[in-house]
Structure formats: structure tokens, C-alpha cells
Amino acid sequence: MKLSFELASSSLPETVHVDFRQCIVAGWAGRDLAATEHHIEELALLGVARPSSVPLFYRIASNQLVQDAVIDVVGGDTSGEAEVFLFSHRGETLVSLSSDHTDRKLEAHSVALSKQICAKPVARQAWRHAEVADHWDALILRSWIEEDGASVLYQEGNLGTLLPPLELARRFFGSAHIPEGSGMTCGTVATIGAIRPAPGLKMELFDPKLNRSITHAYTLSVLPEIA
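The sequence shown runs contiguously to residue 274 in the numbering used here.
Next comes the structure, spelled out in C-alpha cells:
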């Protein structure tokens, strides 16, 4: 799946085109193992099976990566969550933003299937990882959903609560360098209140040191769930 990114730079901005051949979703990627275990136990009460390892890497079809403003979903039980999206282009590690949109009803049957069945929206901007590596933990991940006609803050937290992205790459690929054609989502921060469906998601990766953001928003087109 070919995606395009506006690459912010201290020099002139440029557009990069990347042909993705695989996508990996890194789950259970928190640094605090006690907090991760608590979340696993919470989900187990809802019927979600424990992960076989922590972190756990889910393979997603590359054609699920999209940059559209609207995605189709089946039924009303899906929701998104903001995540850093890491990839390589011409030897450089680049950073963008994505949503690990998931079918929460199917999640109780199979987490892997629940993730595979939904498109993964990706932002159209990217940064060089080298420009943010020295203050990575201070980057802030946020998302908003619409409830009762109002925009409500749904997630907010700094990346210091998550495993470093190059560590996730090392654990999956055996190297801190992500191969060309691969994209990886790098875990998410906690929701404010319960995980819940919404008509769409707006998300942001904010860099407080350089005072810039990567943003993306999408809405859902809900297809009927036919028995």
C-alpha cells in the first residue's frame, strides 16, 4: 500500500512516498509492567484473552493502511486509539501518527482478528526520528472523540510511559532499524474513561520542544452487521 507523507524539516519540506508491504501493531507496549498487568486483568474480566507475551506484535495486512478521512466499519462496536507510526525511507527512520482502530466486540473472541478487520488510519505528515530522539519521552499523544455533539478529550499522555520505538523494532526485527516497506504502530496511552465507540477520532502527536504537531482526523461509515 503506497502512502505519501509531508516531511517536516529545518530545510525545505518534502513529500516522501512509501510502498508498505507489511504492518505490525505493537500491543501491550507500556514501560510500567505492573500497570500493563493491571490492564490485562481488566480486559480479562471482559472476556479478552491474556496476551501470550508482553509486548506482543500483531501482523496486519498492508492494505489496511489508509490516509482517508472516512473509513468503513461493520457494526457499532469499533473504536480507535492514537499511536506513533514508525517506518523507514531511504535509510532514515521516520515518525508519523496512526490509529489502531479495533472491533471491540470481536476482541473478546480474538484480539488479532479484531485488529485485522479494521482499517488503520495514518496521518499525512512525518518527522525525522533523529530530530525528536533526544526528547522522545516528552512527546505527547492525544485524541478526541465526539460525544453528545461535543469534542471530548479521549486520550492524553507522554511517550515516556511507553517502550521506546527503536526498542520495539529491535524486539520484532532483531535490529533497531525498521526494514524499508515495513510500518509499526508503537502502543498507546490510556483512555480517559472507558474504551468506547464514537463516530470518529481526531488525534495529535505534539512536540513541546519544537512546538509542532502531527494531526489526523477521520470519521466512520458504519455498515450494517448482517446475520
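Glycine is no exception: its CB is placed at the ideal position from the N, C-alpha and C atoms. As the structure is a prediction and not an experimental result, all values here were calculated from the model.
What is the rounded straight-line gap between the Cα of Val-63 and the Cα of Leu-213?
The count along the sequence shown starts at 1 and reaches residue 63 at position 16. The count along the sequence shown starts at 1 and reaches residue 213 at position 166. C-alpha separation (whole angstroms): 21 Å.
Using 8 Å as the cut-off, can you tell me whether the region 102–121 makes contact with the region 192–207, which would need three or more C-beta pairs spanning the two stretches below that distance?
no
Contacts around Ile-87, its chain only, beta-carbon distance under 6 Å, and the 5 residues preceding and following it disregarded:
One-based indexing of the sequence shown puts residue 87 at position 40. Cβ within range, chain order: Arg-97.
Assign Gly-74 to one of two classes, buried (16 or more other C-beta atoms within 10 Å of its C-beta) or exposed (fewer than that).
Start at 1 with the first residue of the sequence shown, and residue 74 comes out as number 27. Under this definition Gly-74 is a buried residue.
Which parts of the region 148–185 are runs of the beta strand (DSSP E), unbroken and 3 residues or longer, counting only runs that do not cross its ends?
172–175
Excluding the 5 residues preceding and the 5 following Val-179 in the sequence, name in chain order all residues of the same chain whose CB lies nearer than 7 Å to its CB.
Locating residue 179 in the sequence shown gives position 132, counting from the first residue. Result list for Val-179: Val-142, Leu-186, Asp-254, in chain order.
Report the rounded CA-to-CA distance for Gly-138 versus Phe-52, giving the unit in angstroms.
Against the sequence shown, residue 138 aligns to sequence position 91. Against the sequence shown, residue 52 aligns to sequence position 5. Taking the straight line from one Cα to the other gives about 16 Å.
Once the 5 residues before and after Val-95 are set aside, which same chain residues still bring their CB inside 7 Å of it?
Here residue 95 corresponds to residue number 48 of the sequence shown, with the count starting at 1. Once the five neighbours on either side are set aside, the close Cβ partners of Val-95 are Glu-154, Ala-155, Val-158.
If contact is defined by three or more beta carbon pairs under 8 Å, each pair taking one atom from either stretch, is the region 188–203 in contact with the region 231–239?
Touching, per the Cβ criterion.
For Met-48 and His-224, the rounded distance between their alpha carbons
Stepping through the sequence shown from its first residue, residue 224 is reached at position 177. Stepping through the sequence shown from its first residue, residue 48 is reached at position 1. Taking the straight line joining both Cα atoms gives about 20 Å.
Beta-carbon spacing of His-182, Thr-140 below 8 Å
Translated into positions along the sequence shown, residue 182 becomes position 135. Translated into positions along the sequence shown, residue 140 becomes position 93. Not closer than 8 Å, so no.
Please determine, among Val-269, Leu-252, Leu-270, the residue with the shortest C-alpha to C-alpha distance to Thr-262.
Counting from 1 along the sequence shown, the entry for residue 262 is found at position 215. When C-alpha distances from Thr-262 are compared across Val-269, Leu-252, Leu-270, the shortest belongs to Leu-252.
Nearest-angstrom Cα separation, counted from Gly-122 out to Leu-215:
Your numbering for residue 215 matches position 168 in the sequence shown. Your numbering for residue 122 matches position 75 in the sequence shown. Roughly 32 Å between the two C-alpha positions.
Considering only C-alpha positions, which residue in the set Tyr-265, Arg-68, Val-120 is nearest to Ile-273?
The sequence position of residue 273 within the sequence shown is 226, counting from 1. Taking only the C-alpha atoms, the option nearest Ile-273 is Val-120.
Got a sec, what are the start and stop residues for the beta strand (DSSP E) Ile-87 sits in?
In the sequence shown, counting from the first residue as 1, residue 87 sits at position 40. For Ile-87, there is no enclosing beta strand (DSSP E); the enclosing alpha helix (DSSP H) covers residues 80–92.
Under 8 Å between C-beta atoms of Ser-145 and Val-117:
As a first step, residue 145 is located in the sequence shown; it is residue number 98 there, counting from the start. As a first step, residue 117 is located in the sequence shown; it is residue number 70 there, counting from the start. Result no, Cβ atoms of Ser-145 and Val-117 do not sit closer than 8 Å.
Identify which residue in Ala-245, Phe-67, Trp-174 has its Cα closest to the Cα of Ala-55.
The residue given as residue 55 occupies position 8 in the sequence shown. Of the listed residues, the one whose Cα sits closest to Ala-55 is Trp-174.
DSSP state of Thr-238, grouped into three classes?
Working through the sequence shown from its first residue, we reach residue 238 at position 191. Three-state DSSP puts Thr-238 in a strand.
For the alpha helix (DSSP H) holding Leu-213, just list the boundary residues, first then last.
Here residue 213 refers to the residue found at position 166 of the sequence shown. Segment 212–220, the alpha helix (DSSP H) holding Leu-213.
Quick one: measure Cβ to Cβ for Glu-89 and Thr-235, integer angstroms, because I've assumed they're closer than 8 Å.
For the purposes of this step, residue 89 is taken as the residue at position 42 of the sequence shown. For the purposes of this step, residue 235 is taken as the residue at position 188 of the sequence shown. That pair is no contact at about 15 Å.
So what does DSSP say about Asn-258, is it helix, strand or coil?
The residue labelled residue 258 in the question sits at position 211 within the sequence shown. Three-state DSSP puts Asn-258 in coil, outside helix and strand.
Would you mind working out which of Leu-80, Lys-152, Ala-264, Leu-133 sits nearest Pro-244, comparing C-alpha positions?
Position 197 of the sequence shown, counted from the first residue, corresponds to residue 244. The option with the nearest alpha carbon to Pro-244 is Lys-152.
Using only the alpha-carbon positions, how far apart do Asp-115 and Asp-195 sit?
Counting from one through the sequence shown, the residue named residue 115 turns up at place 68. Counting from one through the sequence shown, the residue named residue 195 turns up at place 148. In a straight line, the C-alpha of Asp-115 is about 24 Å away from that of Asp-195.
Starting from Val-72 and walking both ways along the beta strand (DSSP E), at which residues does that stretch end?
Within the sequence shown, residue 72 is the residue found at index 25, counting from 1. Per DSSP, Val-72 belongs to the beta strand (DSSP E) from 69–74.
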